[in-house]
Structure formats: structure tokens, C-alpha cells
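In my numbering, the protein residues as written are 1 to 346.
Heads up: the structure comes next, in C-alpha cells.
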């Protein structure tokens, strides 16, 4: 029928425009596709609403437009329930829709928190527990959505799939915002193990100006591991992350052309130095030894970022220490950890 031709054409235009990051024009064409159907007495499907809500959410999230985010969230939520009725067996798509609803809720929580404590304060401690009641309400909704999405991805794609790992990252961050560090730790381990196997998302390997999204995700996840264990004083718990962190650094080097000239080389330095910090912060001889080996294998000479410089200098001093490089839980170690915490903010 004629309306099907126009709906398909409008939708194809929307997808092309969306891929070109022209979201406003893409939204216009999705709306045209919906209007064509409604003129012949057909209602918008879950897919129509998913397309419309997702594209509106992308636009709203870029500019932190609170009212538009709420509107997008309502549209996507309606798509979620319609999808559950129309496609009860399609758990992967349902997981993706749950994620978008959660993403909107997290953004609303972030905006409320930023308004309460100031954007600079929030930027200085992005993983810190939230104290604002309005923001907490949104974060709790985000957690419910991310957990549901993670459960569905894990059941269908496996625990180490990138989709599952990405949802573990989102769940862990939300738990940290809610002050639930202990529960966050397992999700953080799942996230690192998924990243250590991930093959895509590492950018253009031969382009020095290319940014690798997965590299940034890895760095943020490792920082959250440090935050969760620092806030709970759990040095012992850091040891179970050693193998996954070593595998992560190995995977990064296998996927990314590592060079000081890369645009995202500071992110790489912070990732490797943070992995090293986790090992040495465990306070064990094994941690010190593995930290030294990690830096020797994956960190270049004379790093540029403060955190990487501090980490390299400490490991060098331990190597030259006549006591054999044992890490003591004394004022020196505490000063090091405090300095590292400050360097993470800069």
C-alpha cells in the first residue's frame, strides 16, 4: 500500500540522518513515518516509539535539557511495554530499551545532583555517593533499569559479551552513586573481564587522532574499582582483580596502536597507572611485583600525566629499596594513596 512506501522511505531517511549525527532532522522524519500510519488509522508501534524516543533522548542528553529528557523517557517507557506485549521472546531488544530508560533516569539524577552541589564539585568526584534526595530518586530508577537490562543481556549474550559488560559498567556506577560499594564490586569485576575480551570499540588503529571509546570506558571502570575499595577500606578485595587487569592491558595493546602521539594517550597512561595502583594498593608483595611488571610491560618512558609519573616514581623507588620493595601500611603508603587520589582529579 502507498502508506507503507512512504513510511519506509521516511524511516530510511531518519536512519541515515541519525548516522550522520543530524538528530533533529532524523526526528522529523521518524515523526513523518508515524504521521503517515496514523492518517490511515494505524497506531504507532513499539518500534516507532523506540526510534522516536531514542533519537529525542540522544538530542536531549547532549544539551542536558531536563524536560526533553523526561519526555523522551516517557516515550521510550511506552515503547518498552508495547514491545513486551508484541515481542515477548525478543529479550535483547528489550534489554536495549531498558538501558535507554535507565540512561534517561541517570541523566536526570546527574542534573539534580549538579544543581544541588555545583557542576565543578560533581566533576571533581563523579563516582561519589549522592546526598540529594531528588537525585537519589532518579538514580534508584536508573539502577532498576540497568539491572534488568544486565540480567537480560547476561541470559541471552553471556556474561562476557560487550553488551553485558557495558551494562555492568552502568550498574556499577549507579550503585556507587547510591553508596552501595559492596554490591558494585562484582559488577566492576564483570565489566573489566568483559573489556579484557572486547574486540570492537577501540577506534581506528592506524589513526593517531582517533579516539577509542572502549579505552575511556576501561579507564573509568578501573577508577571506579579504586573508588569502591578505597571507600570501604578493602585492600584484600583488590587481589581478585589482578588477572582481569593484566588481561585488560594486554587486550588494549592488541587492539590499539599505542603511541605517545595518539590524541588519547593520556587516557592510556591513566588506565595503565590505575591498574598498577590497584595492585600496589593491595599492600602485598605480590601486588608490588605484579604492579612493577605491568608498568614495565605497558608504560612507556617519561609519561606525561601526573598520575602516571607518580606511579612510575613510586615503583622505581620500591625497586631500588634495599628492603626488597615490600609495601608497608605506613604513612608513606597513605601519603602515596592520597597523592594518587588528588592526581586523579587533575
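Even glycine gets a Cβ: it sits at the ideal position worked out from N, Cα and C.
If you're wondering where the values come from, they're calculated on a predicted model, not measured in any experiment.
Express the C-alpha separation of residue 106 and residue 44 in angstroms, rounding to a whole number.
27 Å
For the alpha helix (DSSP H) containing residue 269, name the first residue and the last one.
265-281
Measure the C-alpha to C-alpha separation of residue 255 and residue 1 and round it to an integer number of angstroms.
48 Å
If you reduce the DSSP assignment to three classes, tell me which class residue 348 lands in.
The requested residue 348 is not part of the displayed model; the chain covers only 1 to 346.
So, using beta-carbon positions, are residue 52 and residue 94 closer together than 8 Å?
no
Can you say whether residue 261 is buried or exposed, counting buried as having 16 or more other CB atoms within 10 angstroms of its CB?
exposed
Enumerated in chain order, which unbroken segments of the alpha helix (DSSP H) with a length of 4 residues or greater are wholly contained in the segment 191-235?
Qualifying alpha helix (DSSP H) stretches, in chain order: 213-232.
Who are the Cβ neighbours of residue 170 in its own chain at under 6 Å, not counting the five residues just before and after it?
Scanning its chain for C-beta atoms nearer than 6 Å, with the 5 sequence neighbours on each side dropped, one finds around residue 170 the residues 146, in chain order.
Closest to residue 225 by CA distance: which of 213, 201, 253 and 193 is it?
193
Between residue 217 and residue 195, is the Cβ-Cβ spacing less than 8 Å?
yes
Can you check which of these residues, 126, 109 and 39, is closest to residue 133 by C-alpha distance?
Measuring from the Cα of residue 133, the nearest candidate turns out to be 109.
Give a yes or no on whether the C-beta atoms belonging to residue 311 and residue 273 are separated by under 8 Å.
yes
Does the distance from the CB of residue 174 to the CB of residue 142 come in under 8 Å?
yes
Cβ-Cβ distance between residue 348 and residue 72 below 8 Å
The structure shown does not extend to residue 348, since the chain is modelled only from 1 to 346, so the question has no answer here.
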